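For the record, the sequence lines run as chains A and B. If you want the numbering used here, it's the position in the first sequence, counting the first as 1, plus 179. If you want the numbering used here, it's the position in the second sequence, counting the first as 1, plus 22.
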Amino acid sequence: MSDFKHTELLRFTTAGSVDDGKSTLIGRLLYDSKSIYEDQYEAVRQTSERRGEAEVNLALLTDGLKAEREQGITIDVAYRYFSTPRRKFIIADTPGHIQYTRNMVTGASTANAALILIDARHGVVEQTRRHAFIASLLQIPHLVICINKMDLVGYDEEVYERIRQDFEQFSYKLDVKDVHFIPLSALRGDNVVDKSEHMPWYGGPTLLYYLEHVHIGSDHNFIDCRFPVQYVIRPYSDDFHDYRGYAGRIAGGVFKKGDKVMVLPSGFTSTIARIDTYDGEQEEAFPPISATILLEDDLDISRGDMIVRENNQPHVEQDLEVMVCWFNERPMQLRGKYTILHTTREARCIIKDIRYKLDINTLHRNLEDKDIRMNDIARIAIRTTKPLFFDSYRKNRITGSVIFVDEATNETVGAGMVI
Amino acid sequence: MSYHLHHLKELEAESIFVMREVAAQFERPVLLFSGGKDSILLVHLAKKAFYPARLPFPLLHIDTGHNFPETIVFRDKLVQGLGARLIVGSVEDAIRRGIVVEEKGYNASRNYLQTAVLLEEIENNRFDAAIGGARRDEEKARAKERFFSHRDEFGQWDPKNQRPELWNLFNSKKQFGEHFRVFPISNWTELDVWMYLAAEKVELPNLYFAHRRRVFERDGMLLADTDAILKRPEEEAAIREITVRCRTIGDMTCTGLWESHAASIEEIIAEVATARKTERGGRADDKRSETAMEDRKKEGYF
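This is the structure:
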C-alpha cells in the first residue's frame with residue numbers, strides 16, 4: 180500500500196431531530212468535499228427546481244428508496260462515503276423518527292465518532308439528551324455537538340455558549356470521554372468544510388478539519404489479547420499436509436510470534452508458531468487485522484473458541500448482566516429463550532431477570548416496569564447454555580457485545596452490552 | 023505504541039472476516055462471478071481469506087450470451103488458475119427452454135432475464151448463500167443493504183424489513199428454502215477498489231483499459247457496435263471507431279463505454295479520482311427509471 184498516501188478510516192454516525200438539518204449537513208459535507216458527481220448533482224438540481232425551491236436542496240443528495248419518498252420518511256440506516264487526502268469516511272446516516280433508538284444503536288455500534296445536531300434556535304431538547312445517552316451507552320469514543328442553523332440566530336456567540344453550557348450540565352452524568360462543540364450552518368456552509376467569516380469569535384476547527392484530525396489510534400483495545408477463532412483452515416493438499424491454521428480477526432491486544440497463549444474453553448496452553456497471511460508471515464497482529472494463527476502444539480480447537488494470554492483472561496461464565504436495547508415488535512419475554520451470538524460463538528440463553536427499565540430521557544431507573552418493547556433499553560440478567568468468554572463492553576466493544584435472535588422468526592430482536 | 027492500519031488494509035480485513043463468516047455459517051455458499059472488477063476483487067479477497075486452502079465454494083456466472091468475448095476468456099483463465107469449480111447459468115438456454123422471454127426492440131436487454139436464471143441456479147444447486155460484489159456507494163438502493171441480506175423463498179428483498187446489523191455479529195438464521203446474499207465489499211468505493219487492485223497488482227480484463235472499438239451513441243451513452251443490439255438507421259450511420267474503456271463490465275447491451283486514454287491502472291485511478299460522473303451513469307439498466315435498481319433488487323436481482 181506504500182504507493183498511496185497513508186489514509187485512515189473513520190466511521191461516524193449522525194443524529195438529530197427531524198428538522199435539525201441533518202440531511203443538509205451530510206449533503207454539504209459531500210458537496211463541499213467534492214464527493215458528489217455531476218450526474219448526482221444534476222438530478223438533485225432538477226428535483227429542487229421541479230419542487231419550486233429557490234436553491235439547490237443539498238438534503239436531496241441523501242434521498243433514499245421509493246417507499247421512503249412516497250411516505251416522506253427514512254426507513255433505516257443508509258451508509259454514505261466520502262474521502263479527503265487524509266481520511267476515508269463512512270457515515271451511518273440514521274433517521275430521526277419512530278424507530279429511532281433501534282437505528283441509532285445500529286449505526287453507533289461501529290462508529291468512532293457521533294455527530295449530534297442541535298438547532299441553535301431550540302437549544303438542548305429531549306432528543307439531544309437521548310442521542311447523547313445512546314452515544315455514551317454504545318461507547319462511541321468521540322462526540323461532536325454540531326450547533327446548527329447559527330445563521331438563524333445572527334451567528335450569536337452567546338447562543339452558542341448557552342447551548343454548550345446546557346449540554347455540559349447534563350453530559351457530566353454520562354460516560355463520554357471526548358466532547359467537542361462546533362457552531363455551524365449546514366445550509367450556508369459555515370464551519371462545515373470552510374471556516375466561517377461570520378463567527379470570528381470561534382477559534383476552533385471546522386467540522387471536516389475535526390473529522391480529519393481527531394485521534395482515533397487508540398479506539399481499539401491494544402492491551403488485552405483476544406482472538407476469537409472464526410474458522411479452521413485445513414488445506415488437505417500435498418504442500419500443506421499437516422497445516423492447521425486458526426483464522427480470525429484480532430479483537431484485542433497484540434499477538435506476536437513466540438507468545439505463550441492459552442485456549443478457551445479447554446485451558447490448554449501452547450506457543451504461537453506463526454502468524455500467517457496470504458502476503459506472508461507476520462511478526463505481529465493487532466486489531467482489526469484478519470489473520471491466521473498456527474500453534475506449536477496439536478490441540479483440538481474449533482470455531483467459537485478463543486485464544487488469549489494465560490495471565491490476562493476474559494470472564495468465562497454462563498451468567499451475564501447486560502444492558503439491552505430491544506428491536507422487535509414482539510416484546511422481550513421474561514424467562515423466554517433466545518439464541519445469543521457473541522464473537523464467533525453461538526449459544527442459547529434464558530432471560531432470568533429484568534433488573535430495571537431505563538427512561539432514556541431522564542435516565543431514571545424504573546424497577547417496577549418489566550414490559551420491554553421495541554426501542555426500550557433495560558438492564559437484564561441472562562444465563563447461557565454454555566460459557567461465553569467476555570469482557571465488559573467498556574473494556575472491549577467486540578468481546579463485550581451480543582445480539583439476541585428470536586428462535587421462531589430468526590429475526591435479530593435485541594442488542595446487548597455486557598456490564 | 024501506535025498501531026495504524028491503512029484504510030485499504032482495514033477494508034481488506036473486514037471483507038476477509040465476512041468471507042470467513044460465510045464459510046463458517048453456511049452449508050452451501052457460492053460466489054457470484056460476473057467478470058467485472060468487483061467480482062475479480064471478491065475472488066482475490068477469497069483467496070486471501072482461505073490461504074493456503076482452496077476456495078471453499080464454487081463460482082457462479084450468469085451468462086447472458088451477450089458478454090464481451092474478452093470477459094469469457096478472462097473468466098476461464100482465472101478459474102483454471104484457482105482450481106475452482108465454475109457453474110454457468112445460461113440465459114440463452116433459459117430463453118430456449120421458455121423459462122424467460124426475450125425482450126424485443128431497440129432497448130432489448132437480457133439484463134433483467136438474469137434474475138430468473140440466478141434464482142433457478144440457486145434453487146437447483148440448493149445454495150444457501152450467494153456472495154456478491156455489490157457496493158453501497160454504487161446506488162441509493164444499495165446504500166441500504168446489509169452485509170448479510172436475507173431473501174425469502176421467492177428470492178425477494180424486503181427493504182422495510184431488514185435485520186439490524188450490529189458490530190461484527192452476523193445473523194444467518196433462516197427458514198428452509200430461504201437464502202442470503204452476502205456483500206463483503208459493501209464499504210468499498212469505486213476508488214478504493216481501483217487503488218487496491220493496483221497495489222495488489224491484480225490482473226484485469228483489458229476491457230478496462232483504453233482500446234480502439236467501434237461504437238455508436240444512444241441517450242448520451244456510448245455503446246459497443248455488436249449484433250446483440252438492434253440499431254436504428256441513424257445510429258448505424260454514425261458508427262465510429264474511437265479509443266474507449268469500460269468503467270463497469272456487464273452485458274454488452276447495457277454497458278456504456280467511456281472515451282478515455284487511460285491505458286494503465288495508475289491512469290485509471292487518476293481518471294476515477296477526478297471523474298465527474300458516477301460509474302453506473304454508464305449503465306443503461308439503471309436508466310430505465312429512477313428506481314430501476316430498487317425494483318430489480320426486490321425481485322431478486324443481485
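Idealized CB from N, CA, C, for every residue including glycine. Note that the structure is predicted; figures quoted are calculated from it, not measured.
Nearest neighbour of B:K320 by Cα position, chosen from B:L141, B:L81, B:F72, B:V95, turns out to be B:L141. Using a 10 angstroms sphere on the CB of B:F238, the tally of other CB atoms reaches 16 or more, which defines it as buried. Of the residues B:I62, B:Y134, B:E36, B:D249, the one whose Cα lies closest to the Cα of B:A116 is B:Y134. CA-to-CA, the gap between A:K374 and A:C325 works out to about 14 Å. Proximity of B:H29 to chain A, defined by a Cβ-Cβ separation below 8 Å, is satisfied. What B:H26 touches in chain A, judged by beta-carbon distance under 7 Å, is E187, G396, going in chain order. If you draw a straight line from the Cα of B:R157 to the Cα of A:D199, it comes to about 29 Å. The CB of A:R281 comes closer than 9 Å to the CB of P186 in chain B, given here in chain order.
Residues of the same chain with a CB within less than 6 Å of the CB of A:D548, apart from the 5 flanking positions on each side, are K536 in chain order. For the stretch 466-495 of chain A, the residues whose beta carbon sits under 7 Å from a beta carbon of chain B are, in order, P467, I468, S469, R482. Annotated three-state conformation of A:T385 is coil, per DSSP.
For the set A:R190, A:R576, A:L331, A:G302, the Cα lying nearest the Cα of A:N291 is the one of A:R190. Note on geometry: alpha-carbon atoms of B:R262 and B:R235 lie some 8 Å from one another. Closest option to A:D345, judged by alpha-carbon separation, among A:G302, A:M329, A:P320: A:G302.
The beta carbon of A:N589 falls within 8 Å of a beta carbon belonging to chain B, placing the residue at that interface. Assignment of beta-bridge partners to B:D85 by DSSP yields B:S112. Scanning its chain for C-beta atoms nearer than 6 Å, with the 5 sequence neighbours on each side dropped, one finds around A:Y334 the residues H377, M378, in chain order. Contact between A:R405 and A:M485 holds: CB atoms are separated by about 6 Å, below the 8 Å threshold. Nearest C-alpha to B:N147 among B:I264, B:I251, B:R50, B:A260: B:R50. B:L252 is classed as exposed because its beta carbon has fewer than 16 other beta carbons within 10 Å across all chains shown.
At a C-beta separation below 7 Å, B:R42 has these neighbours in chain A: Q409, Y410, A426. Contacts with chain B at 8 Å (Cβ-Cβ) include A:T289. Judged by beta-carbon spacing, A:R428 lies beyond the 8 Å limit of A:R413, meaning their Cβ atoms are not closer than that value. For the stretch 246-274 of chain B, the set of residues with a beta-carbon nearer than 8 Å to any beta-carbon of chain A is empty.
Residue pairing from DSSP leaves B:E143 without any beta-bridge partner.
For B:F96, the closest Cβ of chain A is not nearer than 8 Å. Contact note: B:T211 reaches chain A through Y260, using a C-beta cutoff of 7 Å and chain order. Burial is judged here by how many other beta carbons sit within 10 angstroms of a residue's own beta carbon; A:T450 has fewer than 16 and is exposed. For A:N400, the CB contacts under 6 Å within the same chain, skipping 5 residues up- and downstream, are G431, N575 in chain order. Using a Cβ distance threshold of 8 Å, A:H321 and A:D357 count as a contacting pair. The count of Cβ pairs closer than 8 Å, one atom from the stretch 195-213 of chain B and one from the stretch 77-87 of chain B, stays below three, leaving the stretches out of contact. With respect to chain B, the C-beta atom of A:L537 has no partner C-beta closer than 8 Å. If you draw a straight line from the Cα of B:A138 to the Cα of B:I121, it comes to about 8 Å. Residue nearest to A:I530 within the set A:H494, A:G595, A:T541 is A:G595 (criterion: CA-CA distance).
When the beta-carbon positions are compared, A:L208 and A:I215 stay at least 8 Å from each other. For B:W216, the enclosing alpha helix (DSSP H) starts and ends at 212-221.
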